[in-house]
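Written out below as structure tokens is the structure these notes cover.
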Amino acid sequence: MKKIAIVAGGPKEFVPNLSEYDEEVMLWMGADLGAEMILEQGVRLDIAVGDFDSVSSESLIWIKKSAGRTDTYPNEKNETDLEIAILEALKYQPEHILLFGVTGGRLDHTMVNTQILYPLLTKGIRGTIIDQQNQVELVKEGMHTLKKISQYPYVSFLPVTLAIKGLSLEGFYYPLQEAQLSYGSTRCISNQLIEDRGTFSFTEGILLVIRSHDVI
646 MKKIAIVAGG
656 PKEFVPNLSE
666 YDEEVMLWMG
676 ADLGAEMILE
686 QGVRLDIAVG
696 DFDSVSSESL
706 IWIKKSAGRT
716 DTYPNEKNET
726 DLEIAILEAL
736 KYQPEHILLF
746 GVTGGRLDHT
756 MVNTQILYPL
766 LTKGIRGTII
776 DQQNQVELVK
786 EGMHTLKKIS
796 QYPYVSFLPV
806 TLAIKGLSLE
816 GFYYPLQEAQ
826 LSYGSTRCIS
836 NQLIEDRGTF
846 SFTEGILLVI
856 RSHDVI
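Just so you know, we're using the working numbering here: the sequence shown kicks off at 646 and counts up by one.
Listed below in structure tokens is the structure:
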């Protein structure tokens with residue numbers, strides 16, 4: 646699968662070990678402070694974009710020297726630095742975009758960064774938000790398979806449309822058969838896979854699938 650990773654400028658303590666994903670990523674992109682985080686973790690920086698108002702002048706010199714390419718934008722613009730990075734990534738026709746550094750800190754940033762998954766979904770591109778505690782994806786109706794990952798034992802399904810119809814879960818501790826969920830429902834929070842693989846399917850709506858673990 647053709648994967649591109651984008652690291653945005655969220656709080657550094659929320660960003661996992663990027664080197665764990667390096668082998669599967671064809672292109673690493675840093676948005677603003679995210680470029681600095683990529684370099685600090687010793688991962689290659691292919692493209693850096695943004696207004697770089699969150700980095701020091703010394704760090705910006707380091708970024709420009711280390712990146713394969715650096716595109717600088719003005720502070721006042723219609724798009725966020727992350728959105729600019731995503732638009733650049735789309736030029737490479739990825740099948741999967743991994744998003745780091747997009748959670749934590751300001752709630753408005755976290756929420757809009759989650760919503761950014763929707764335009765990727767409409768383009769047929771898989772988008773995954775990854776931080777120290779969670780993996781988040783947006784999925785549309787159909788049959789889907791989840792592989793058990795010990796690092797993320799909990800699986801939650803959140804409706805992002807007003808209704809989810811025909812939701813079935815198999816291979817989970819709490820199975821379901823053609824259930825309906827309304828927006829705001831907590832019925833499918835904190836489920837767990839009991840098989841190596843599980844399936845979930847639904848006939849109408851859009852779900853946010855969150856895999857997570859507790860902070861120890």
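Note that CB positions come from ideal geometry on N, CA and C, so glycine has one too.
Excluding its 5 nearest sequence neighbours in each direction, I708 has C-beta neighbours in its own chain below 8 angstroms: G675, A680, E681, L684, L690, A693, F697, V700, T715, listed in chain order. Contact between K785 and L766 holds: CB atoms are separated by about 6 angstroms, below the 8 angstroms threshold. Counting the other Cβ atoms within 10 Å of the Cβ of E849 gives fewer than 16, which makes it exposed. Boundaries for A734: no beta strand (DSSP E) harbours it, while the alpha helix (DSSP H) harbouring it runs 726-735, taken from the DSSP string. For N779, the enclosing beta strand (DSSP E) starts and ends at 779-792.
When L705, V660, V688, L743 are compared, the shortest CA-CA separation from I649 is found for L743. Taking C-beta separations shorter than 6 angstroms and ignoring five residues to either side along the sequence, the partners of L791 in its chain run G843, following chain order. Distance between K810 and A824, taken at the CA atoms: about 6 angstroms.
Secondary structure at Y819: coil, using DSSP grouped into helix, strand and coil. Minimum Cα-Cα distance from D776 among the listed residues S830, R751, P656 corresponds to P656. With distances taken between CA atoms, T773 lies nearest to E740 out of I834, E740, T717. Given a length threshold of 3 residues, each whole run of the beta strand (DSSP E) inside the segment 661-694 is given here in chain order: 672-676.
Residue state for L762 is assigned as helix, using DSSP reduced to three classes. Around the beta carbon of T717, a 10 Å sphere encloses fewer than 16 other beta carbons of the protein chains shown; the residue is thus reported as exposed. The C-alpha of S813 is placed about 31 angstroms away from the C-alpha of G749. Within the model, the alpha-carbon separation for L783 versus S711 is close to 33 angstroms. In this structure, L732 and V747 do not form a Cβ contact; the two beta carbons are roughly 15 angstroms apart against a cut-off of 8 angstroms. E703: member of the alpha helix (DSSP H) spanning 702-711, first to last residue. In the structure shown, F847 falls within a strand segment according to DSSP collapsed to helix, strand and coil. Secondary-structure assignment with DSSP links G772 through a beta bridge to I742. Contact check for L803 against I729 fails: the beta carbons are separated by 8 angstroms or more.
For L752, the secondary structure class from DSSP, reduced to helix, strand or coil, is helix.
Counted as a single uninterrupted DSSP element, the beta strand (DSSP E) harbouring A650 occupies residues 648-652.
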